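End of the sequence shown = 852 in the working numbering, gap-free, step of one.
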Amino acid sequence: MRTKYHREITSKALAPYFSHRALSVIVRANIWQDSLRGQIGHDEFHFDNNAIEQGNTYIQLQRELIIANLEVHRAIKAWRAMGRLTHTAQDFYAHSNYIALWIIGLNNKEPNLKHLSFIDNSIINNPDFRSAKTYFPLDYFALFPKLGTIFKNLLPKDSHAWMNLDSPESGYLFKWAFHAAVKRTHYEYTEIIKMVQIKNSALLSIFSDLAL
Ligand SMILES: [Zn+2]
Numbered sequence: 641m642r643t644k645y646h647r648e649i650t651s652k653a654l655a656p657y658f659s660h661r662a663l664s665v666i667v668r669a670n671i672w673q674d675s676l677r678g679q680i681g682h683d684e685f686h687f688d689n690n691a692i693e694q695g696n697t698y699i700q701l702q703r704e705l706i707i708a709n710l711e712v713h714r715a716i717k718a719w720r721a722m723g724r725l726t727h728t729a730q731d732f733y734a735h736s737n738y739i740a741l742w743i744i745g746l747n748n749k750e751p752n753l754k755h756l757s758f759i760d761n762s763i764i765n766n767p768d769f770r771s772a773k774t775y776f777p778l779d780y781f782a783l784f785p786k787l788g789t790i791f792k793n794l795l796p797k798d799s800h801a802w803m804n805l806d807s808p809e810s811g812y813l814f815k816w817a818f819h820a821a822v823k824r825t826h827y828e829y830t831e832i833i834k835m836v837q838i839k840n841s842a843l844l845s846i847f848s849d850l851a852l
């Protein structure tokens, strides 16, 4: 997903629960994942190249890091882990055909935000479910406006250029990837809060950076 949308999704889902300071650390860590160092050799950060299991493991690792850092009162490190976690969770919908399969499964029924399930095992276990492959360097050149179309047409349909839902330019499915990512980000927050409550609910105010 483009930086603008990672920022919007994260803020929309998490703004009520964190101080401005905490949220800005979370957002910065989220968008850092798309820097060059976060892109090369890190399929798991973005669910690229069918790294579904690796992406899920990475998310779990960030959850554990959040709890471990909160326990030693390292709030900034916990927020950074939250940023990394939310980036990966959001890219799941932008870099896979999850949304496309969800729409197919509706059998021509109108898509509806209320019924948009962001973790539907019937989709994830569908043999057609996959994430986009990145073909270098063509996929990189395909990102350029206008000229990019030429490179896109040279790429197979399982490429990032054809499959990604990174921005509205990707077509009408982007809107649903955006909504699913907001729901998922909120869900990840609630899951972490449950884990924190089990450990020590006094850590909640450290995490939120708000007087609770
Ligand atoms: Zn990414």
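A virtual CB, placed ideally from N, CA and C, is assigned to each residue, including glycine. On a predicted model such as this, the values are computed, not experimentally measured, just so you know.
### Query
On the premise that residue 692 lies in contact with residue 771, defined as a C-beta separation below 8 Å, what is that separation, rounded to the nearest angstrom?
About 6 Å separates the Cβ atoms of residue 771 and residue 692, confirming a contact at the 8 Å cut-off.
### Message
Measuring CB atoms only, is the stretch 711-720 touching the stretch 660-668, in the sense that at least three cross pairs come out at less than 8 Å?
### Response
Between the stretch 711-720 and the stretch 660-668, the count of Cβ pairs shorter than 8 Å is three or higher; the stretches touch.
### Task
With a threshold of 7 Å, establish whether the CB of residue 713 neighbours any heavy atom of ligand 1.
no
### Task
Return yes when the C-beta of residue 685 is under 7 Å from any heavy atom of ligand 1, and no when it is not.
Under cutoff, so the answer is yes.
### Neighbourhood of residue 797 by C-beta, 8 Å cutoff - its chain only, sequence neighbours within 5 removed
Hits under 8 Å: 803.
### Short Cβ contact (8 Å threshold) for residue 675 with residue 848
no
### Message
Judging by CA-CA distance, which residue of 824, 823, 805 is the nearest neighbour of residue 815?
### Response
805
### Message
Any contact between the stretch 728-740 and the stretch 820-840? By contact I mean 3 or more CB pairs, one from each, below 8 Å.
### Response
yes
### Query
Can residue 800 be considered in contact with ligand 1, in the sense that its beta carbon sits closer than 7 Å to one or more heavy atoms?
no
#### Entry: Span separating the alpha-carbon of residue 841 from that of residue 755
32 Å
### Message
Looking only at its chain, what residues have a beta carbon closer than 7 Å to the beta carbon of residue 709, apart from the 5 residues adjacent to it on each side?
### Response
717, 718, 721
#### Entry: residue 694: CB within 7 Å of a non-hydrogen atom of ligand 1
Not so, every heavy atom of ligand 1 lies at least 7 Å from the Cβ.
### Query
Taking 7 Å as the cut-off, does the CB of residue 760 come closer than this to any heavy atom belonging to ligand 1?
no
### Query
Which partner residues of residue 848 appear in the DSSP bridge assignment?
BP columns for residue 848 are empty, so no partner.
### Task
Please report how far the alpha carbon of residue 652 lies from the alpha carbon of residue 829, in whole angstroms.
12 Å
### Message
Just to confirm, is the Cβ distance from residue 686 to residue 646 under 8 Å?
### Response
no
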